[in-house]
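For reference, the structure is listed below as structure tokens.
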Amino acid sequence: MAEETKDTKSSNQMWGGRFASGPAAIMEEINASIGFDKKLYAQDIRGSIAHATMLAHQGIISGEDKDKIVDGLNTILSEIEAGQFEFSRKLEDIHMNIEARLATLIGPAAGRLHTARSRNDQVALDFRLWVKEELQKTETLLTNLIDAFLDRAQEHAETVMPGFTHLQTAQPVTFGHHCMAYVEMFGRDRQRVRHAIEHLDESPIGSAALAGTGYNIDRHMTAKALGFREPTRNSIDTVSDRDFALEFLSIAAICATHLSRLAEEIVIWSTAQFGFIRLSDAFSTGSSIMPQKKNPDAAELVRAKTGRINGSLIALLTIMKGLPLAYSKDMQEDKEQVFDAAESLELSLAAMTGMIRDLEVRADKMRAAAGSGYSTATDLADWLVREAGLPFRDAHHVTGRAVALAEEKACDLADLSLEDLQAIHPAITADIYNVLTVEASVASRKSYGGTAPDEVRKQIKWWRSRN
Ligand code: ARG
Numbered sequence: 001m002a003e004e005t006k007d008t009k010s011s012n013q014m015w016g017g018r019f020a021s022g023p024a025a026i027m028e029e030i031n032a033s034i035g036f037d038k039k040l041y042a043q044d045i046r047g048s049i050a051h052a053t054m055l056a057h058q059g060i061i062s063g064e065d066k067d068k069i070v071d072g073l074n075t076i077l078s079e080i081e082a083g084q085f086e087f088s089r090k091l092e093d094i095h096m097n098i099e100a101r102l103a104t105l106i107g108p109a110a111g112r113l114h115t116a117r118s119r120n121d122q123v124a125l126d127f128r129l130w131v132k133e134e135l136q137k138t139e140t141l142l143t144n145l146i147d148a149f150l151d152r153a154q155e156h157a158e159t160v161m162p163g164f165t166h167l168q169t170a171q172p173v174t175f176g177h178h179c180m181a182y183v184e185m186f187g188r189d190r191q192r193v194r195h196a197i198e199h200l201d202e203s204p205i206g207s208a209a210l211a212g213t214g215y216n217i218d219r220h221m222t223a224k225a226l227g228f229r230e231p232t233r234n235s236i237d238t239v240s241d242r243d244f245a246l247e248f249l250s251i252a253a254i255c256a257t258h259l260s261r262l263a264e265e266i267v268i269w270s271t272a273q274f275g276f277i278r279l280s281d282a283f284s285t286g287s288s289i290m291p292q293k294k295n296p297d298a299a300e301l302v303r304a305k306t307g308r309i310n311g312s313l314i315a316l317l318t319i320m321k322g323l324p325l326a327y328s329k330d331m332q333e334d335k336e337q338v339f340d341a342a343e344s345l346e347l348s349l350a351a352m353t354g355m356i357r358d359l360e361v362r363a364d365k366m367r368a369a370a371g372s373g374y375s376t377a378t379d380l381a382d383w384l385v386r387e388a389g390l391p392f393r394d395a396h397h398v399t400g401r402a403v404a405l406a407e408e409k410a411c412d413l414a415d416l417s418l419e420d421l422q423a424i425h426p427a428i429t430a431d432i433y434n435v436l437t438v439e440a441s442v443a444s445r446k447s448y449g450g451t452a453p454d455e456v457r458k459q460i461k462w463w464r465s466r467n
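Residue 1 is where the sequence shown starts when you use the numbering used here, and the numbers rise one by one after that.
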């Protein structure tokens, strides 16, 4: 009780251990973003140079001041890149750190840079530029992964493996066809990336705090100088919009989900029980206690990073959901989510590309597994429909009896004698054995998008012409 009274009375004591200077220090710590937004230094400087150049062009600042500002900003850029810049938490964020240094370098002219802009449109600009570049990087990384899959698919257009539904052997497919399924998935991701670049390609700068500005600025000029298609149309929306970050995170989450499914397959395929693939030493690790082990750590980590990326998307959606227009400081929390997700996604895409390029395909194991589990039962039923004119439902029933008999005899469908099969249905002839092999099964599936090697090669060609 006595303890409690003491604590309540002098509540600042609760902070005391850590914050010698009390509430002001806490404010500084919660308010500062320089710890993470220094990542935006290049975009911030680029934006300021474009802004100052436009201000001079419009006669809002003098050419002489503009030159000093541009020179100073270029000096700061070199200082930061050489690791010689001292970032200060007292100056809150990257914008004020750079502006303060500019004042030290060029004196009063520095004070003219912030004419007709606010940190609200400045941060919207910097972050948009950063996300745009990240999307462009993601596009390239996706293309690399797609290329790796196209090469493996080409190489294995005829390699038979079991296709699964419910992770139960369903029908034989080719490894090439399976690879091409991932090409479709990552191809869609890449389309989403390209659309997102188009969506965000509008310049925020000149929206100022939220209402625009009374100075005679030229937003088309800054948009062009910064490589944007055009300026944004509504200044209120511009400073309160983080859709471009949400879109990046949504795309990242979907892509990470694809990567995670692939990672899961790699983990399963590389087990002794499946044995479909062998991972290269470069993308696996040993166990510190069990000498025989080769663990698919890279795949497991890719699978796990999906959790972080999904978390970032949910975090930013939650940050934004209750905000009134226009800017609120909540939005400062957007950056770490995007930076972390971007780092995780880049790493995952690169690791996966390495794994796909390096993995050894064990065609013998795949083929053996493809033939087990009565995977050609549908081919038997289809033969009965095609050659003996049975309705599919009846053919399904007859095939079911053949599977039951094979199960009873503990053999494959192809090992049943002709007499046994004819006892189940008299229309069956020796021709049936031609469709019961996995190769025949795969070759027969020539429907558009099907698993027949020639179809798979057509899919590869289609993608190569678009890559
Ligand atoms: N560091 C801030 C952010 O990341 C910059 C914008 C500050 N704007 C303001 N009105 N306090 O959002």
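Built from N, CA and C at the ideal position, the CB exists for glycine as well.
Counted as a single uninterrupted DSSP element, the stretch harbouring residue 170 is not any alpha helix (DSSP H) but the beta strand (DSSP E) occupying residues 168-174. Here residue 88 carries a coil assignment [DSSP, helix/strand/coil]. Taking 8 Å as the upper bound for CB-CB distance, residue 289 and residue 345 are not in contact here, some 33 Å apart. Approximately 12 Å separates the beta-carbon atoms of residue 44 and residue 114; this is outside 8 Å, ruling out the contact. Residue 219 and residue 105 have their C-alpha atoms roughly 28 Å apart. The alpha helix (DSSP H) runs of length 4 or more contained entirely in the region 320-374 are, from start to end of the chain, 334-358 and 363-371. When C-alpha distances from residue 248 are compared across 454, 184, 435 and 139, the shortest belongs to 139. The closest heavy atom of the ligand ARG lies less than 7 Å from the beta carbon of residue 329.
CA-to-CA, the gap between residue 86 and residue 32 works out to about 15 Å.
Annotation for residue 93 indicates a beta carbon within 7 Å of some heavy atom of the ligand ARG. The DSSP-derived three-state label of residue 163 is strand. According to the DSSP assignment, residue 144 belongs to the alpha helix (DSSP H) that extends over 119-155.
Residue 48 carries a helical assignment under DSSP once its states are collapsed to helix, strand and coil. Its chain contains 376, 379, 380, 382, 383, 441 and 444 as the residues whose beta carbon lies nearer than 8 Å to that of residue 435, once the 5 sequence neighbours on both sides are disregarded; these appear in chain order. When the alpha-carbon of residue 306 is set against those of 255, 351 and 57, the nearest one is in 255. Taking a contact to require three or more Cβ pairs closer than 8 Å, the region 136-152 and the region 189-200 qualify as touching. With a cut-off of 8 Å on Cβ pairs, the region 271-286 is not in contact with the region 203-222, counting fewer than three such pairs.
Look at the beta carbons and you see the region 156-172 not touching the region 346-357: under three pairs across the two are nearer than 8 Å.
The beta-bridge partner set that DSSP reports for residue 278 consists of 360.
Taking C-beta separations shorter than 6 Å and ignoring five residues to either side along the sequence, the partners of residue 177 in its chain run 451 and 456, following chain order. In the structure shown, residue 203 adopts extended strand secondary structure according to DSSP, grouped into three states.
The C-beta separation of residue 280 from residue 296 comes to about 11 Å, leaving the pair out of contact by the 8 Å criterion.
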